[in-house]
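Numbering (the numbering used here), first residue to last: 496 to 703.
The C-beta atom is built at its ideal place from N, Cα and C for all residues, glycine as well.
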């Protein structure tokens, strides 16, 4: 989650998003898995999925995904951001030894999700935003136990223009291997994390 938050600070969210103000909260109190991967010299993505519940539809899982790509001459940047509730059936596994994410963006409910893709000109700061093309994610996480950590209390608030994200986390974590595909990109990494959230939460608010 820490890597994800660092990336989120780089994101410029458009005022156009505020046409329909939103407020949703995901309580995360069970297994989770996360992954960060470079996809090129100036591109990367971060992803986290967790079991829990949300303020609109009750029991579910939640997904947070951000990808960033910077042009080789640093003249422009594009990003995709997806935050939302997904069906509990999309994130399976009895414990952190083996967790599987099978997700299609068509499963997102507009009432409790945020989905956006933007191209930003870093010279003029002109920005064009829209909805990313539909896609799928299939990832399998295998705990390897090479390193274990515990987050005792993390509290953070991130404000990006009209979007405020508040994070509270307590968790037991372990390193893991991850394999699969993320929107067509092949993943094979020993740099993933699995763990158990304890009364953690992510809250997202957009304002006009």
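I'd like the span of the beta strand (DSSP E) that includes residue i, first residue to last.
i           : result
residue 696 : 695-701
residue 525 : 518-535
residue 618 : First-last for residue 618: undefined, no H or E at that position.
residue 692 : 680-692
residue 625 : 622-625
What is the DSSP secondary structure of residue i, reduced to helix, strand or coil?
i           : result
residue 564 : strand
residue 607 : helix
residue 580 : strand
residue 660 : strand
residue 585 : helix
residue 592 : coil
residue 570 : coil
residue 638 : strand
What number of angstroms, rounded off, separates the C-alpha of residue i from the C-alpha of residue j?
i           : j           : result
residue 685 : residue 519 : 32 Å
residue 613 : residue 564 : 11 Å
residue 534 : residue 540 : 7 Å
residue 567 : residue 537 : 7 Å
residue 633 : residue 682 : 9 Å
residue 653 : residue 701 : 12 Å
residue 630 : residue 542 : 14 Å
residue 638 : residue 624 : 37 Å
residue 663 : residue 544 : 15 Å
residue 665 : residue 672 : 22 Å
residue 650 : residue 527 : 18 Å
residue 517 : residue 602 : 18 Å
residue 521 : residue 532 : 24 Å
residue 579 : residue 636 : 20 Å
residue 598 : residue 590 : 19 Å
residue 600 : residue 659 : 23 Å
residue 577 : residue 595 : 19 Å
Compute the beta-carbon to beta-carbon distance between residue i and residue j, rounded to the nearest angstrom, for a pair I have assumed lies under 8 Å.
i           : j           : result
residue 530 : residue 628 : Not confirmed; about 21 Å, so no contact.
residue 524 : residue 668 : That pair is no contact at about 15 Å.
residue 616 : residue 571 : 5 Å
Does the count of Cβ pairs from the segment 692-703 and the segment 673-683 closer than 8 Å reach three? Taking 8 Å as the limit for Cβ pairs, the verdict is that the segment 673-683 does not touch the segment 692-703.
For the segment 639-647 against the segment 602-611, are there 3 or more C-beta pairs whose distance is under 8 Å? Judged by Cβ distances under 8 Å, the segment 639-647 makes no contact with the segment 602-611, as fewer than three pairs qualify.
Flag this pair as touching only if the segment 584-604 and the segment 552-569 have three or more C-beta atom pairs under 8 Å; answer yes or no. Yes, the segment 584-604 is in contact with the segment 552-569.
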